[in-house]
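K.L.:
Residue numbers (this note's numbering), protein chains in the order written: chain A, 1 to 267; chain B, 268 to 624; chain C, 625 to 891.
Yeah, the Cβ is synthetic: ideal placement off N, Cα and C, and Gly gets one too.
As the structure is a computational prediction, the values presented were derived from the model and not from experiment.
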Amino acid sequence: MQNKMSRNIYFIPYVLWIALFVIAPILLILYYSFFDIEGNLSLINYQKFFTPVYLKMTLSSFWYAFLITGISLLVAYPTAYLLTKTKHKQLWLLLIIVPSWINLLLKAYAFIGIFGTYGVANGFLEAIGIGKQQILFTDFSFIFVSVYIFIPFMILPIFNALDEMNPTLLDAANDLGASRWMTFRRVIFPLTIDGVKTGCQVVFIPALSLFMLTRLIAGNRVITLGTAIEQHFLVTQDWGMGSTIAVFLIIIMFLIMFVTGNRKQGV
Amino acid sequence: MKKLVQMFLVISVVSALLLYAISRLNTSQGFTSSYTLTIYNWGDYIDSDLIDRFEEETGIKVIYETFDSNEAMMTKIEQGGTTYDIAIPSEYMIDKMREEDLLVPLDHSKLPNLKNIDERFINLPFDPENKFSVPYFWGTVGIVYNSKMLGGKEITAWADLWDNDLKNEILLTDGAREVMGMGLNSLNYSLNDTNEEHLQEAKAKLDTLTPNIKAIVGDESRMLLEAQEAAIGLVWSGVASEIMAENEDLEYVVPEEGSNLWFDNMVIPKTTKNVDAAHQFINFMLDPEVAAQNAEYVSYSTPNKEALKYMPEEVVKDERFYPSPELTEKLEVYENLGKKNLARYNELFLEFKMHRK
Amino acid sequence: MSNKLSPLSKAFLVLIFLVLYAPIFFLVFYSFNSGGTMYDFKGFTFEWYKELFQDTRLLIIVLNTLVIALLSALIATIIGVIGAIGIRSFTSSKAKNTLLSLNNVLIVSPDVIIGASFLILFTMAGIKLGFYSVLLSHIAFSIPIVVLLVLPKLQEMSPTLIDAARDLGASRWDVLTKVILPYILPGIFAGFFMALTYSLDDFAVTFFVTGNGFSTLSVEIYSLARRGISLNINALSTLLFAVTLLLVVVYYFITQRVRQTGMGGRR
Numbered sequence: 001m002q003n004k005m006s007r008n009i010y011f012i013p014y015v016l017w018i019a020l021f022v023i024a025p026i027l028l029i030l031y032y033s034f035f036d037i038e039g040n041l042s043l044i045n046y047q048k049f050f051t052p053v054y055l056k057m058t059l060s061s062f063w064y065a066f067l068i069t070g071i072s073l074l075v076a077y078p079t080a081y082l083l084t085k086t087k088h089k090q091l092w093l094l095l096i097i098v099p100s101w102i103n104l105l106l107k108a109y110a111f112i113g114i115f116g117t118y119g120v121a122n123g124f125l126e127a128i129g130i131g132k133q134q135i136l137f138t139d140f141s142f143i144f145v146s147v148y149i150f151i152p153f154m155i156l157p158i159f160n161a162l163d164e165m166n167p168t169l170l171d172a173a174n175d176l177g178a179s180r181w182m183t184f185r186r187v188i189f190p191l192t193i194d195g196v197k198t199g200c201q202v203v204f205i206p207a208l209s210l211f212m213l214t215r216l217i218a219g220n221r222v223i224t225l226g227t228a229i230e231q232h233f234l235v236t237q238d239w240g241m242g243s244t245i246a247v248f249l250i251i252i253m254f255l256i257m258f259v260t261g262n263r264k265q266g267v
Numbered sequence: 268m269k270k271l272v273q274m275f276l277v278i279s280v281v282s283a284l285l286l287y288a289i290s291r292l293n294t295s296q297g298f299t300s301s302y303t304l305t306i307y308n309w310g311d312y313i314d315s316d317l318i319d320r321f322e323e324e325t326g327i328k329v330i331y332e333t334f335d336s337n338e339a340m341m342t343k344i345e346q347g348g349t350t351y352d353i354a355i356p357s358e359y360m361i362d363k364m365r366e367e368d369l370l371v372p373l374d375h376s377k378l379p380n381l382k383n384i385d386e387r388f389i390n391l392p393f394d395p396e397n398k399f400s401v402p403y404f405w406g407t408v409g410i411v412y413n414s415k416m417l418g419g420k421e422i423t424a425w426a427d428l429w430d431n432d433l434k435n436e437i438l439l440t441d442g443a444r445e446v447m448g449m450g451l452n453s454l455n456y457s458l459n460d461t462n463e464e465h466l467q468e469a470k471a472k473l474d475t476l477t478p479n480i481k482a483i484v485g486d487e488s489r490m491l492l493e494a495q496e497a498a499i500g501l502v503w504s505g506v507a508s509e510i511m512a513e514n515e516d517l518e519y520v521v522p523e524e525g526s527n528l529w530f531d532n533m534v535i536p537k538t539t540k541n542v543d544a545a546h547q548f549i550n551f552m553l554d555p556e557v558a559a560q561n562a563e564y565v566s567y568s569t570p571n572k573e574a575l576k577y578m579p580e581e582v583v584k585d586e587r588f589y590p591s592p593e594l595t596e597k598l599e600v601y602e603n604l605g606k607k608n609l610a611r612y613n614e615l616f617l618e619f620k621m622h623r624k
Numbered sequence: 625m626s627n628k629l630s631p632l633s634k635a636f637l638v639l640i641f642l643v644l645y646a647p648i649f650f651l652v653f654y655s656f657n658s659g660g661t662m663y664d665f666k667g668f669t670f671e672w673y674k675e676l677f678q679d680t681r682l683l684i685i686v687l688n689t690l691v692i693a694l695l696s697a698l699i700a701t702i703i704g705v706i707g708a709i710g711i712r713s714f715t716s717s718k719a720k721n722t723l724l725s726l727n728n729v730l731i732v733s734p735d736v737i738i739g740a741s742f743l744i745l746f747t748m749a750g751i752k753l754g755f756y757s758v759l760l761s762h763i764a765f766s767i768p769i770v771v772l773l774v775l776p777k778l779q780e781m782s783p784t785l786i787d788a789a790r791d792l793g794a795s796r797w798d799v800l801t802k803v804i805l806p807y808i809l810p811g812i813f814a815g816f817f818m819a820l821t822y823s824l825d826d827f828a829v830t831f832f833v834t835g836n837g838f839s840t841l842s843v844e845i846y847s848l849a850r851r852g853i854s855l856n857i858n859a860l861s862t863l864l865f866a867v868t869l870l871l872v873v874v875y876y877f878i879t880q881r882v883r884q885t886g887m888g889g890r891r
């Protein structure tokens, strides 16, 4: 608190970034959202957003993002927990991240091959007697691949939170006769809640605007707000409508941040 | 802290080394020379040996950049900031780009080889008198089907797709014009129709196709069809000819109700800094021998009549990919419908996609 | 460290790693396919690797990609850490939430929108498209993920720690380098690696802001999709993957040795 000035000087690059690369684009998007497809000033895009087509799309985006986040958390938490118990935990953690450096389109193509009618997954199902199933272009494959892509983003913050935890706390809990479930619920989970929250944010927010996988893996059976924006920018060249959907995405994100952020006041 | 400083230093040093390597490579490739020509094209859509040959013959250094959609390409050219001397857009884009004043008129006196192009493909509605564009490759939109998977069934018309036996077998392409066009054609309307009632009718017709549709995909359809993931696909003829070379059970047909005739064309965008070299390049690509070599590499149909003489007979005589004038007569080229109508097409297409669930 | 992993936990971890690496093994496997496709393995060949080494253009593109990824991740990490420290120093939770929401705008916005608006900004500012515009954009969209991953570590830190250091006469700089940074180190590394991921994976933003002959691997791969991705891209990914894996493991064991002989166990 002593000299606010010097704090602000350190802060300049970040503020500059916010001004140039966040505020300026938001203003640009807002500006575009008030133009209809023929370049006239109008509110038609906002009107259009409240038609059943887009509302339905918003709901389904939410639903899928919610599923993806939930499943990622269910997989990532135990993984992160077990990773902290391994011998070379930092190395294993790095190895979790490495696959994400291979190009996404290539990995999607690989998944098409794996989940295809003659792919490994179906070969396995056949071998255990279930028989061939349609896996590609289903909700299952879409959620599976999305979770696959987001999982490192969920594991990292949770791992960091778990890793810092003081082992004596657990010993103390054990000594006091707490069951493992009790220890988890009362000691471990609350202490890692910040990590979990970060993980959910970095998964849920981008999951809302997923687009490429909706086509590659779900064969356009899943339509999200991201897909629609993509279409408006790259196919119709209706930047107004695309921007309008983006405005709503940003508003939704702000709402989420305030709802999840308020719980911890005065930290 | 030591670790942080270490990391900082290591990355800086590695980056510096990489930058040095890049600049060495760039100079050795001549990319820094001032007399350059920048080509903006789809990925892998030219035989790179021809670029080398052009460089040798003219002493002009070629920079090859790629895009993955017409619209994205147009946005880049519209915004400027980079110099493109040649671009290869599809036909409907040319009208749009001309409207936005993004094209440089061609000087026909510098393009003596223009005479090699088949008359059928000269003076087309999207660019009367070829003021701005020269056709690069052409083709049709049609149906690829796997006769083995369909048990010898033959497909000749759009209407054949609405068959109850074809459940979950069809791959559509993720394009509003193509899919709506198929709906319109199957009702014997023009695929440039803008009548709202006709469009609604087409969309309703498409909705009834839903049970037969496996997925609506993009470029990956080639891989899915090759791998027999689905038996039927709505594709461009160029894609068809390539995958048929890989899988001999595949058959290609242009539906009898009519379909789309497409062109990819060479243009000189407004961003050019080297109009002269651009003309030289276009003329070079129109050379019969060059065009033949390019067509063999890319395996799409060339509009260059003289080039056909240099190509294997079984390719040139293949009616599926070099349809006769009588057949092309029945096909339609996409017109630029204007933004509003295009938006309507897209809206209906979006609703059709959502209907699937 | 004391508790050994149970067999069940081990099996779980093995499964996670198998799934994470499955698509990569798939790509590697087919890079040796003489059949030229990613579904029907005809025979073993090194042809694609040979082809790869003759392609100087592709080599330049790979080097470009690496430079951009490393530099942008480095700079984004620095600015992001500064930003996170700045955000933490705000006492009101409202200000904090607002800043954080602004921070997240780029995460929620689909790539096309970011790309298009950056393109407009760059051309308005008269910045020549190419290396610098791509670098700036990558820094810009990587900063928020760094902030998000560093912040929970900072929040965990008790304020009394800093006060204590201050009371003992430590300067602001000392507090930063001797107390804060070492404590948030795991967060910083997590941020850096995720920034790398963002940069390596990005296609749409780079596409819009690049020009004048500068290209990255993602842009190249996506533009190949129309004509089919040839297997030398698989070969390339295989090589990059192998090198990365090697670097990660070597780096880890070197730092391990240094730590053991040099600084003693403290991280």
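Is B/E496 helix, strand or coil by DSSP?
P.N.:
coil
K.L.:
Please determine if the region 92-106 of chain A and the region 633-648 of chain C are in contact, where contact requires at least 3 C-beta pairs separated by less than 8 Å.
P.N.:
yes
K.L.:
Among the candidates C/V638, C/A693, C/A635 and C/R681, whose CA atom is the shortest distance from the CA of B/A283?
P.N.:
Among C/V638, C/A693, C/A635 and C/R681, the Cα nearest to that of B/A283 belongs to C/A693.
K.L.:
Could you check where the alpha helix (DSSP H) with A/P78 kicks off and where it finishes?
P.N.:
P52 to T84
K.L.:
Quick one: what does DSSP say B/E332 is sitting in, helix, strand or coil?
P.N.:
Of the three classes helix, strand and coil, the one that applies to B/E332 here is strand, per DSSP.
K.L.:
Could you check where the beta strand (DSSP E) with B/K481 kicks off and where it finishes?
P.N.:
I480 to V484
K.L.:
Express the C-alpha separation of A/P167 and B/L271 in angstroms, rounding to a whole number.
P.N.:
26 Å
K.L.:
Give me the residue from B/P379, B/N413, B/K415 and B/H375 with the minimum Cα distance to B/N397.
P.N.:
B/N397 has its Cα closest to that of B/H375, out of B/P379, B/N413, B/K415 and B/H375.
K.L.:
Kindly indicate which residue of C/G754, C/I709, C/A740 and C/L772 has the alpha-carbon position closest to the one of C/T801.
P.N.:
C/I709
K.L.:
Use the C-beta contact count for A/F49: other C-beta atoms within 10 angstroms, 16 or more gives buried, fewer gives exposed.
P.N.:
buried
K.L.:
By the DSSP assignment, the beta strand (DSSP E) with B/Y412 in it spans what residues?
P.N.:
S400 to N413
K.L.:
Taking Cβ-Cβ distances below 9 Å as the criterion, which residues of the region 808-824 of chain C are in contact with chain B?
P.N.:
L809, I812, F813 and F816
K.L.:
Should B/E524 and B/W425 be called a contact, given that it needs their Cβ atoms to be closer than 8 Å?
P.N.:
yes
K.L.:
In angstroms with no decimal places, state the Cα-to-Cα distance between B/S504 and B/Y567.
P.N.:
8 Å
K.L.:
Taking only the alpha-carbon atoms, compute the straight-line gap between B/L491 and B/A482 and give it to the nearest angstrom.
P.N.:
10 Å
K.L.:
DSSP has B/I306 in a bridge; who is on the other side?
P.N.:
B/Y331 and B/I353
K.L.:
Just to confirm before moving on: does the CB-CB distance between B/G485 and A/R221 stay below 8 Å?
P.N.:
no
K.L.:
In whole angstroms, what separates the C-alpha of B/K328 from that of C/S713?
P.N.:
For the pair B/K328 and C/S713, the Cα-to-Cα distance works out to about 55 Å.
K.L.:
With a Cβ-Cβ cutoff of 8 Å, do B/D385 and B/K572 count as a contact?
P.N.:
yes
K.L.:
Taking the C-alpha atoms as reference points, what is the distance between B/K470 and B/F616?
P.N.:
8 Å
K.L.:
Might you give, ordered along the chain, the residues of its own chain that have their beta carbon closer than 7 Å to the beta carbon of B/R387, omitting 5 neighbours on each side?
P.N.:
P592 and T595
K.L.:
With a 10 Å radius around its C-beta and 16 neighbouring C-beta atoms as the bar for buried, classify C/L723 as buried or exposed.
P.N.:
buried
K.L.:
Quick one: which residues of the region 470-486 of chain B get their C-beta closer than 9 Å to a C-beta of chain C? List them in chain order.
P.N.:
G485 and D486
K.L.:
Output needed for A/G113: all residues of its chain with C-beta closer than 7 Å, excluding positions within five of it in sequence on either side, in chain order.
P.N.:
G119
K.L.:
By Cβ distance below 8 Å, which residues in the same chain neighbour C/A794 in space, the five residues on each side in sequence not counted?
P.N.:
K802 and V803
K.L.:
Would you tell me roughly how many angstroms separate the C-alpha atoms of B/T477 and B/V401, rounded to the nearest one?
P.N.:
B/T477 and B/V401 have their alpha carbons spaced roughly 39 Å apart.
K.L.:
Helix, strand or coil for B/E386, going by three-state DSSP, please let me know.
P.N.:
helix
K.L.:
I want to verify the contact list: residues of chain C whose CB lies under 9 Å from the CB of B/N293, in sequence order.
P.N.:
I684 and G837
K.L.:
Pick out whichever of A/T84, A/F115 and A/I229 has its Cα sitting closest to the Cα of A/L249.
P.N.:
A/I229
K.L.:
Using a Cβ-Cβ cutoff of less than 6 Å, which residues in the same chain neighbour C/M662 once the five nearest sequence positions on both sides are dropped?
P.N.:
Taken in chain order, the residues that qualify are Y654.
K.L.:
I'd like the list of long-range same chain contacts for A/T227, defined as Cβ closer than 7 Å, with 5 residues on each side in sequence excluded.
P.N.:
F211 and T214
K.L.:
Do we get a CB-CB distance below 8 Å when we pair B/A537 with the residues of chain A?
P.N.:
In the sequence under discussion, the amino acid at residue 537 of chain B is Lys, which differs from the Ala named in the question. It does not; no Cβ of chain A falls within 8 Å.
K.L.:
Starting from the beta carbon of C/N688, find every residue of chain B whose beta carbon is closer than 7 Å, and list them in chain order.
P.N.:
I289
K.L.:
Who are the Cβ neighbours of A/I26 in its own chain at under 8 Å, not counting the five residues just before and after it?
P.N.:
Within the same chain, A/I26 has close Cβ partners I250.
K.L.:
Express the C-alpha separation of B/S488 and A/G123 in angstroms, rounding to a whole number.
P.N.:
22 Å
K.L.:
Check the C-beta distance from C/F816 over to C/A635 and give it rounded, since I have them as a contact under 8 Å.
P.N.:
That pair is no contact at about 31 Å.
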